[in-house]
Ligand code: FES
Ligand code: FES
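Protein chains in written order, with the UniProt record's numbering: chain R, 1 to 323; chain L, 1 to 162.
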């Protein structure tokens, strides 16, 4: 590991004030410390923000404000999260292991990096790690990489489960930074790779996530489901956060679908959502909506399986949610 | 950098390189070699310790970031000559073969038994479910055992959970 200096910030404002080029903020460290050990992350200054007083889950005028330093475990078992946002509790609980959830923070979960094997191997080219060096995944092992929204420069996926649920819940990410405070509505935090895959998010240097705020839950039933290679402690091949509200006449009154494991960002299936509104809440309509969303997919040779897997997951999940 | 750390009830003041992990500090500076380095990437759980009573992967924790905290390792689980109930149950149920994963399994199980609320396999998220073998398997998924002693590990933990 390359030498760095370590300091603990006294407040969010103090962290932003002390930020300078070469600085990285440290949360629970479950991804960053590993990336430093691999030589992928090479901070000169490590500024610890994990003990800032941003660790409360509070109700503010019918909304739920979750501090950036709240540990994943504490978010998932919070009574209000379990009662009002079960999809979010479920998404967090399906991520990582008990130990890692105890350490990992909410902001760190959002800002974790892709697990693409080429990104994590400094002996290989990678446009995300070393812009302009190339993307060996396109010709190589991309079996768990993107089928939607990728570019010729990068086919990485975002690994978070929590972010997928937050995208469906239209959570707001609260940020402070050298340019002042701002609010980023999900799924707007993460970006598609385009020709700048080194940028995972729309954050600017020095920006610090301070909280995630959840609006009141949308009407309807919700589910988070995840398909993976083993029953626990594995990243998603495909995952879904879905909300379905069916009117008395059996038609879809409201619908939200966010997909994980398919793109560089949580993927809001807006096309499918639009198509479903007003249609009967039946398997046929769900299948048509899933297929129209996935028409945009551009699978690579070794990850084409994800398209029918995503289609079936959308249809099965909506069928389970329909009354 | 100077840090203060309480390990198994004993306070220490240590000068550490910011790059040092909590695992390396425990093993190399304090001679507590119970915690094991399986992967050094957070994937196997052999390095699991309790930090402020909560289980954590000590390979992913920087020692400098633990300043002022209290850590319990497998060496601190027993009460003098009296084994921790989990240690006794692991012996009783023959819950290990080579023993490499065992310190991590023990610390992880000790932390897990104190973690309330649902897991990913709990049907109703509002429940505080009973720790069935199914629940224990899910909650212990961060601890791998290359010898495959899982069946006996689950029965040992089940006995203590009852
Ligand atoms: S050594 Fe820490 S998880 Fe494997
Ligand atoms: S007993 Fe050998 S690794 Fe678990």
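C-beta: ideal position from N, C-alpha, C; glycine also.
Residue i, buried or exposed, once every other Cβ within 10 Å from all chains shown has been counted against 16
i, result
"residue 187 of chain R", "buried"
"residue 69 of chain R", "buried"
"residue 128 of chain L", "exposed"
"residue 91 of chain L", "exposed"
"residue 197 of chain R", "buried"
"residue 305 of chain R", "exposed"
"residue 248 of chain R", "exposed"
"residue 60 of chain R", "exposed"
"residue 44 of chain L", "buried"
"residue 15 of chain L", "exposed"
"residue 83 of chain R", "exposed"
"residue 177 of chain R", "buried"
"residue 403 of chain R", "No information on residue 403 of chain R is available, as it lies outside the stretch 1 to 323 that chain R covers here."
"residue 112 of chain R", "buried"
"residue 314 of chain R", "buried"
"residue 56 of chain R", "exposed"
"residue 87 of chain L", "buried"
"residue 159 of chain R", "buried"
"residue 13 of chain R", "exposed"
"residue 296 of chain R", "exposed"
"residue 74 of chain R", "buried"
DSSP bridge partner residues for residue i (one or two, in chain order)
i, result
"residue 174 of chain R", "R:183 and R:211"
"residue 51 of chain L", "L:54 and L:71"
"residue 105 of chain R", "R:71"
"residue 295 of chain R", "Bridge partners of residue 295 of chain R: none, in fact."
"residue 280 of chain R", "R:251"
"residue 226 of chain R", "R:239"
"residue 65 of chain R", "R:58 and R:213"
"residue 221 of chain R", "R:244"
"residue 268 of chain R", "R:258"
Proximity test, residue i beta-carbon vs ligand 4 heavy atom, cut-off 7 Å
i, result
"residue 48 of chain L", "Summarising the ligand content, the structure contains ligand 1 and ligand 2 and does not contain ligand 4."
Same chain, Cβ closer than 6 Å to residue i, five either side skipped, listed in chain order
i, result
"residue 48 of chain R", "8 and 26"
"residue 255 of chain R", "244, 273 and 276"
"residue 103 of chain R", "28 and 30"
"residue 131 of chain L", "161"
"residue 323 of chain R", "246"
"residue 96 of chain L", "102 and 149"
"residue 71 of chain L", "7, 49 and 51"
"residue 95 of chain R", "161"
"residue 139 of chain R", "none"
"residue 134 of chain R", "125"
"residue 122 of chain L", "129"
Where the beta strand (DSSP E) through residue i begins and ends
i, result
"residue 6 of chain L", "2 to 7"
"residue 260 of chain R", "252 to 260"
"residue 24 of chain R", "23 to 26"
"residue 11 of chain L", "10 to 15"
"residue 153 of chain L", "Premise fails: residue 153 of chain L lies in the alpha helix (DSSP H), 150 to 161, not in any beta strand (DSSP E)."
"residue 58 of chain R", "57 to 60"
"residue 148 of chain R", "Note, residue 148 of chain R: premise wrong, no beta strand (DSSP E); not H, not E."
"residue 88 of chain L", "That residue, residue 88 of chain L, is in no beta strand (DSSP E); its alpha helix (DSSP H) goes 85 to 92."
"residue 8 of chain R", "5 to 8"
"residue 48 of chain R", "45 to 48"
Same chain only: Cβ atoms within 7 Å of residue i, ignoring 5 sequence neighbours per side
i, result
"residue 136 of chain R", "118, 124 and 125"
"residue 21 of chain L", "58, 59, 61, 62 and 63"
"residue 199 of chain R", "191"
"residue 301 of chain R", "none"
"residue 185 of chain R", "170 and 172"
"residue 37 of chain R", "1"
Extent of the continuous alpha helix (DSSP H) to which residue i belongs
i, result
"residue 102 of chain L", "102 to 113"
"residue 232 of chain R", "Run containing residue 232 of chain R: none; DSSP gives neither H nor E here."
"residue 308 of chain R", "306 to 321"
"residue 14 of chain R", "12 to 18"
"residue 123 of chain L", "It is not in any alpha helix (DSSP H) - residue 123 of chain L carries neither H nor E in the DSSP assignment."
"residue 134 of chain L", "133 to 139"
"residue 34 of chain R", "32 to 38"
"residue 189 of chain R", "Run containing residue 189 of chain R: none; DSSP gives neither H nor E here."
"residue 92 of chain R", "86 to 93"
"residue 169 of chain R", "162 to 169"
Same chain, Cβ closer than 8 Å to residue i, neighbours up to 5 away in sequence not counted
i, result
"residue 194 of chain R", "151 and 153"
"residue 12 of chain L", "4, 5, 6 and 30"
"residue 125 of chain L", "118"
"residue 252 of chain R", "244, 245, 246, 276, 277, 278, 279, 280, 281 and 285"
"residue 69 of chain L", "5, 6, 51 and 52"
Contact between the segment 98 to 114 of chain L and the segment 41 to 59 of chain L: three or more CB pairs below 8 Å?
Taking 8 Å as the limit for Cβ pairs, the verdict is that the segment 41 to 59 of chain L does touch the segment 98 to 114 of chain L.
Contact the segment 3 to 23 of chain R vs the segment 195 to 211 of chain R: 3+ CB pairs below 8 Å
Result yes; three or more Cβ-Cβ pairs closer than 8 Å.
So, does the segment 216 to 228 of chain R touch the segment 274 to 294 of chain R, judging by three or more C-beta pairs under 8 Å?
With a cut-off of 8 Å, the segment 274 to 294 of chain R and the segment 216 to 228 of chain R do not count as touching, because too few Cβ pairs lie within range.
Any contact of the segment 212 to 224 of chain R with the segment 156 to 168 of chain R, i.e. 3+ C-beta pairs under 8 Å?
Judged by Cβ distances under 8 Å, the segment 212 to 224 of chain R makes contact with the segment 156 to 168 of chain R, as three or more pairs qualify.
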